[in-house]
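The sequence shown begins at 27 in the numbering used here and counts up one residue at a time.
Report on the following structure.
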Amino acid sequence: EGKAELVILDAQDFTRPAVARVLLPQRIHYGFHGNWVSDRSVPPPA
């Protein structure tokens, strides 16, 4: 179809429905994914 969907989940409870869904007008590669990283685990910029 040439379309994709971005789904935002509540990381504290994956059994709940999606927090948000964003319809994208183009296909996204299957290997594309996102991760949440706490700001405490990322060093500040140099």
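Built from N, CA and C at the ideal position, the CB exists for glycine as well.
DSSP three-state label for residue i, please.
i: residue 47; result: strand
i: residue 64; result: coil
The beta strand (DSSP E) that contains residue i, what's its start and end?
i: residue 34; result: 30-34
Is any non-hydrogen atom of the ligand COA found closer than 7 angstroms to the C-beta of residue i, if you look at the structure I gave you?
i: residue 48; result: In terms of ligand content, the structure shown is empty, and the ligand COA therefore cannot be addressed.
Checklist entry - At a cut of 8 angstroms, does the stretch 61-70 reach the stretch 40-52 through at least three beta carbon pairs? => result no
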